[in-house]
Amino acid sequence: ASMREARIKRTKTVCTYCGVGCSFEIWTKDRKILKVEPSVDAPVNGISTCVKGKWGWDYVNSEERLTKPLIRQGDEFIEASWEEALNVIATKLTEIKEKHGPDSIGYIASSKCSNEENFMFQKFARAIMGTNNVDNCSRYCQSPATAGLLRTVGIGGDAGSITDIGSSDLVFVIGANPAESHPVLATRVKRAHKLHGQKLIVADLRKNELAERADLHIHPKPSTDLIWISAVTKYIVDQGWEAREFLANRVNGLDEYIASLEIYTLEYAEEMTGLSKEELIQVATMIHEAKSVCALWAMGVTQHMDGTETSTAISNLLLITGNYGRPGTGAYPLRGHNNVQGACDFGTMPTWFPGYEKVADDSVRARYEKAWGVSLPTSTGLDNHQMVEEMNEGNLKALYLFGEDMAIVDSNSNHVDTGFEKLEFMVVQDVFFTKTAQFADVILPAAPSLEKDGTFTNTERRIQRFHRVFEPVGDSKPDWQIFQEVANRLGANWNYTHPSEIMDEAASLAPLFAGVTYERLEGWNSLQWPVAADGTDTPLLYTERFSFEDGKARLVIPTWSEPYEAGEEYDLHLNNGRLLEHFHEGNMTYKSKGLTHKVPYPWLEVSKELAAERGITDGALVRLSSPYGHVKVQAMVTDTVRGKELYLTMNSAEDEMAVNRLTSSYHDKETHTPAYKEMGVKMEIISET
Ligand code: SF4
Numbered sequence: 252a253s254m255r256e257a258r259i260k261r262t263k264t265v266c267t268y269c270g271v272g273c274s275f276e277i278w279t280k281d282r283k284i285l286k287v288e289p290s291v292d293a294p295v296n297g298i299s300t301c302v303k304g305k306w307g308w309d310y311v312n313s314e315e316r317l318t319k320p321l322i323r324q325g326d327e328f329i330e331a332s333w334e335e336a337l338n339v340i341a342t343k344l345t346e347i348k349e350k351h352g353p354d355s356i357g358y359i360a361s362s363k364c365s366n367e368e369n370f371m372f373q374k375f376a377r378a379i380m381g382t383n384n385v386d387n388c389s390r391y392c393q394s395p396a397t398a399g400l401l402r403t404v405g406i407g408g409d410a411g412s413i414t415d416i417g418s419s420d421l422v423f424v425i426g427a428n429p430a431e432s433h434p435v436l437a438t439r440v441k442r443a444h445k446l447h448g449q450k451l452i453v454a455d456l457r458k459n460e461l462a463e464r465a466d467l468h469i470h471p472k473p474s475t476d477l478i479w480i481s482a483v484t485k486y487i488v489d490q491g492w493e494a495r496e497f498l499a500n501r502v503n504g505l506d507e508y509i510a511s512l513e514i515y516t517l518e519y520a521e522e523m524t525g526l527s528k529e530e531l532i533q534v535a536t537m538i539h540e541a542k543s544v545c546a547l548w549a550m551g552v553t554q555h556m557d558g559t560e561t562s563t564a565i566s567n568l569l570l571i572t573g574n575y576g577r578p579g580t581g582a583y584p585l586r587g588h589n590n591v592q593g594a595c596d597f598g599t600m601p602t603w604f605p606g607y608e609k610v611a612d613d614s615v616r617a618r619y620e621k622a623w624g625v626s627l628p629t630s631t632g633l634d635n636h637q638m639v640e641e642m643n644e645g646n647l648k649a650l651y652l653f654g655e656d657m658a659i660v661d662s663n664s665n666h667v668d669t670g671f672e673k674l675e676f677m678v679v680q681d682v683f684f685t686k687t688a689q690f691a692d693v694i695l696p697a698a699p700s701l702e703k704d705g706t707f708t709n710t711e712r713r714i715q716r717f718h719r720v721f722e723p724v725g726d727s728k729p730d731w732q733i734f735q736e737v738a739n740r741l742g743a744n745w746n747y748t749h750p751s752e753i754m755d756e757a758a759s760l761a762p763l764f765a766g767v768t769y770e771r772l773e774g775w776n777s778l779q780w781p782v783a784a785d786g787t788d789t790p791l792l793y794t795e796r797f798s799f800e801d802g803k804a805r806l807v808i809p810t811w812s813e814p815y816e817a818g819e820e821y822d823l824h825l826n827n828g829r830l831l832e833h834f835h836e837g838n839m840t841y842k843s844k845g846l847t848h849k850v851p852y853p854w855l856e857v858s859k860e861l862a863a864e865r866g867i868t869d870g871a872l873v874r875l876s877s878p879y880g881h882v883k884v885q886a887m888v889t890d891t892v893r894g895k896e897l898y899l900t901m902n903s904a905e906d907e908m909a910v911n912r913l914t915s916s917y918h919d920k921e922t923h924t925p926a927y928k929e930m931g932v933k934m935e936i937i938s939e940t
């Protein structure tokens with residue numbers, strides 16, 4: 252037995268799925284994954300994981316892994332050596348840059364990859380290729396929340412820690428489904444609610460699992476969150492329940508903001524949102540009576556044309572009631588991917604250097620220019636949305652994308668496809684031959700987290716280390732090594748030998764990470780940024796000051812806008828979201844036997860009223876159409892949704908079921924995040940069960 256045990260390897264890693272950031276040991280023997288074992292020492296999850304973290308690892312050893320570089324020849328892809336593939340990339344990128352300028356090339360980063368890899372990729376785009384056209388998938392999800400928080404409190408991250416949510420008196424969940432999207436975090440809320448008398452309010456179009464358990468579930472009309480949140484805020488002020496001392500000492504802009512609330516009367520809110528006055532008063536009263544309130548929100552808020560504005564309204568409500576800077580309070584935009592926070596933090600954004608310092612700021616830029624020995628582009632680059640538009644216009648000529656299946660996850664997929672088709676050159680670097688890879692000219696085989704070292708940052712700004720378990724499969728390589736090789740072909744002289752050196756460089760340049768070192772992240776240790784040079788981290792933000800020069804928060808007046816209307820014939824509202832067993836486009840989870848056995852494909856939730864009216868039976872196959880495309884899905888008749896509101900689970904790699912065949916290019920005005928949640932569709936029955 253001891254011989255056998257000796258061959259079993261235990262390696263600490265961090266989950267590859269959601270933004271909660273569970274860590275655990277993975278037990279392996281040769282290339283076999285034996286089990287996943289969480290530990291009481293894991294800072295976020297302790298002994299818990301969800302099904303994805305526990306059973307979602309088959310993809311690593313999938314037969315479908317890319318093992319060799321591929322080069323397009325006509326309609327086919329031919330296996331190539333690294334040498335050949337890198338030569339093609341270097342030649343084509345140089346040619347296009349010389350002919351059309353550095354801004355004719357776009358760079359899409361990955362929230363599945365490490366902080367170090369994202370750091371290197373933005374360095375590659377900026378320092379080697381000379382453009383700020385670099386972005387990541389936060390553009391599809393939480394950019395509006397980041398923007399709303401940057402405006403009001405100065406930092407675009409969760410205010411405190413996940414453990415802290417458990418200590419809150421009242422948890423207010425808006426447009427999020429943590430029980431499926433952030434399961435281990437939801438467990439903390441469930442436990443606190445059940446055992447410690449924590450109060451729970453859920454505002455959602457669906458009666459999701461937390462809504463079922465909540466003390467109060469409110470169901471406003473779609474796209475009206477800003478109105479009812481502002482009405483609740485106004486009611487609180489009208490009752491004299493605002494946190495006077497906190498506001499006087501720590502917040503700017505109070506009078507103007509209060510004046511702006513005038514229109515948000517209970518009557519107006521009732522008419523616009525469909526919520527009753529009693530419900531609004533109950534929300535306000537519960538907030539008033541709670542000693543500490545934290546607000547959790549996700550895509551149900553952000554994926555709207557006024558996502559940034561609504562996020563601002565939520566932050567304002569927390570400020571008005573003094574719910575920042577103390578344990579159990581604050582804003583928690585729940586991050587989707589395991590490292591979407593880190594991808595933003597480490598600079599794969601068109602506006603920011605690592606650590607949220609503006610690319611347009613001369614003194615910041617000078618610091619990077621000095622360190623990197625080059626001159627850097629001064630103007631803000633294109634974001635994902637703008638890149639797609641510029642591709643379609645024929646202005647963006649080339650794209651380098653890694654670990655992101657944009658052809659499935661971006662809205663209005665048909666429009667994205669036509670953009671890709673117009674590119675002169677496209678590089679896709681991924682673990683699998685994705686939908687997006689079909690458009691590529693060169694495909695590079697990358698290694699997943701179990702085959703490399705690095706760090707991920709979860710939704711609560713926690714940086715955690717993951718360790719290499721296996722050698723990369725075939726000729727695949729860690730993304731950071733690939734970037735180094737590509738960069739060196741294009742004139743760089745990089746010689747990083749380990750990701751820790753990349754982190755050292757990031758820490759030396761970005762004050763937010765000043766004290767981050769691999770030594771401080773050994774074992775189960777982790778750090779929540781900002782991290783001071785002496786290694787002191789920050790589990791709870793804003794205890795003394797907000798992140799502005801004068802240390803004071805700012806109440807910013809948000810404005811509501813009418814949602815996008817598809818037209819009269821599209822008389823149903825389609826909402827969409829995740830389910831517990833699958834993740835995003837499903838490239839990883841659909842390769843796990845257990846998960847796919849449990850949930851083989853997506854489905855459409857249809858209310859009992861609508862089913863009766865339209866003669867839809869459980870299991871019927873229906874076609875949904877929008878002005879942008881159509882999908883075929885199975886209907887499930889349920890009371891989780893209401894009236895003419897439909898819900899489609901979004902995790903599908905199958906084109907004919909993928910929700911983004913239906914979504915539009917309408918977007919949040921401030922951040923260009925697609926308005927995925929504003930969708931009118933019509934429904935026809937194809938066949939009954
Ligand atoms: Fe992974 Fe999220 Fe599940 Fe934790 S809750 S195991 S991080 S998917």
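Numbering-wise, full-length UniProt numbering puts 291 at position 40 of the sequence shown, and it's gapless, one number per residue.
Glycine residues also receive a C-beta, built at the ideal position from the N, C-alpha and C atoms.
If you're wondering where the values come from, they're calculated on a predicted model, not measured in any experiment.
Using only CA atoms, which one of the options lies nearest to residue i?
i	options	result
residue 244	Phe717, Thr708, Ala649, Ser332	Outside the modelled stretch of the chain, which goes from 252 to 940, sits residue 244, for which no answer is possible.
Ile733	Leu337, Ala886, Ala427	Leu337
Gly802	Glu330, Pro294, Lys686, Gly405	Gly405
Gly297	Leu285, Met380, Gln324, Arg439	Arg439
Pro750	Leu741, Gly654, Asn739, Glu770	Glu770
Gly304	Glu330, Gln324, Asp326, Ile277	Ile277
Val679	Asn709, Glu702, Pro628, Val737	Val737
Ala765	Glu773, Asp755, Gly774	Asp755
Cys545	Lys528, Thr559, Asn567, Thr553	Asn567
Asn369	Cys388, Ala443, Thr599	Thr599
Met537	Thr572, Ala564, Lys343	Thr572
Lys283	Cys266, Ala293, Ser299, Ile259	Ile259
His447	Gly491, Cys266, Thr414, Ser418	Ser418
Asn643	Ser664, Ala443, Lys621	Ser664
To the nearest angstrom, how far is it from the Cα of residue i to the Cα of residue j?
i	j	result
Arg912	Ala691	20 Å
Cys595	Gln393	10 Å
Pro853	Gln689	23 Å
Pro601	Met657	17 Å
Val625	Ala378	6 Å
Pro289	Ala611	43 Å
Leu701	Glu864	51 Å
Ile487	Ala541	13 Å
Asn503	Leu806	6 Å
Asp661	Glu929	14 Å
Gly579	Asn500	20 Å
Leu285	Val302	15 Å
Ala743	Glu795	43 Å
Leu791	Val767	17 Å
Val483	His539	11 Å
Ile694	Ala784	40 Å
Asn312	Ser798	45 Å
Determine the DSSP secondary structure at residue i, reduced to helix, strand or coil.
i	result
Glu327	strand
Tyr619	helix
residue 945	Because the chain spans 252 through 940 in this model, residue 945 falls outside it and cannot be assessed.
Gly828	strand
His636	helix
residue 230	Since the first and last residues shown for the chain are 252 and 940, residue 230 lies out of range.
Met677	strand
residue 945	The first residue shown for the chain is 252 and the last is 940, placing residue 945 beyond what the model contains.
His470	coil
Asp730	helix
Cys595	helix
Lys458	coil
Thr264	strand
Val552	helix
Is residue i near the ligand SAH, going by C-beta to nearest heavy atom under 7 Å?
i	result
Tyr358	Ligands present in the displayed structure are limited to the ligand SF4, and the ligand SAH is not among them.
According to DSSP, what are the bridge partners of residue i?
i	result
Arg716	Thr706
Met934	Leu875
Pro696	Asp681
His918	Pro925
Residues with C-beta closer than 5 Å to any heavy atom of the ligand SF4, in chain order: Result (chain order): Cys266, Tyr268, Cys269, Val271, Cys273, Thr300, Cys301, Lys303, Gly304, Pro434, Val435.
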